[in-house]
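Just so we're aligned: 49 in the UniProt record's numbering is position 49 of the sequence shown, and the numbers increase by one with no gaps anywhere. Beta carbons are placed, not taken as given, at the ideal position from N, Cα and C, and that holds for glycine. Here the structure is laid out as structure tokens; the discussion comes afterwards.
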Amino acid sequence: MTKTDLTRNQSLVFDALVDSDGPLSAYTLLDRLREHGFRAPLQVYRALEKLVEFGMVHRLESLNAFVACAHPHDGCSGHGTVAFMICKKCGHVTEFHDHDVDHRLETITRGRSFKPEKTTIEIRGFCATCTEIAA
């Protein structure tokens, strides 16, 4: 899926997330997109649902918010586990992938005859900038 294949609403929601300094809730997206004709939360949720399905957006469960994928060109395909470092102070989110973690989790789940459909890791703490400020 490329950006040119998106509907108007999907494109507007995606662009708002890309332009954002941090994760956004559906209601914050609705407020930001009212000038573009968005009137109801359902419009935002439908666009978000498809963008998540396409792998262009991730939902941060612990924040009940969304971020644009750091790899929108491939929709995070082939990266296995999606992991996020979320700064508790400034809200900055860093997406990363670690193949060692992928392999370890695969070994654990296979050993327990469990077939995972999706694995997301959210690590809450303080980014380097906020850690330096506090020191």
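* Asked: Can you name the residues that DSSP bridges to L63?
  -> Its beta-bridge partners do not exist; DSSP assigns none.
* Delimiting residues of the alpha helix (DSSP H) encompassing F109 -> For the record, residue 109 in the displayed sequence is Thr; it is not Phe. That run of the alpha helix (DSSP H) goes H99 to G111.
* Under the DSSP definition of a beta bridge, which residues are partnered with M85? -> T94 and I123
* To do: Please work out which residues of its chain come closer than 8 Å, Cβ to Cβ, to residue 181, disregarding the five sequence neighbours upstream and downstream, and give them in chain order.
  => Nothing in the structure corresponds to residue 181, since the chain is present only between 1 and 135.
* Can you give me the Cβ contacts of T2 inside the same chain, cut-off strictly under 6 Å, excluding the 5 residues immediately before and after it? => none
* How about A128 and E95: do their beta carbons lie closer than 8 Å? -> no
* To do: State the beta-bridge partners of H58 as determined by DSSP.
  => V67
* Asked: Would you call the CB atoms of F84 and L105 closer than 8 Å?
  -> no
* Take the Cβ of I86 as the centre, count every other Cβ of all protein chains shown within 10 Å, and call the residue buried at 16 or more, exposed below. => buried
* CA-to-CA distance, T120 to T107, given in whole angstroms -> 16 Å
* Are there 16 or more other CB atoms within 10 angstroms of the CB of N64, so buried, or fewer, so exposed? -> exposed
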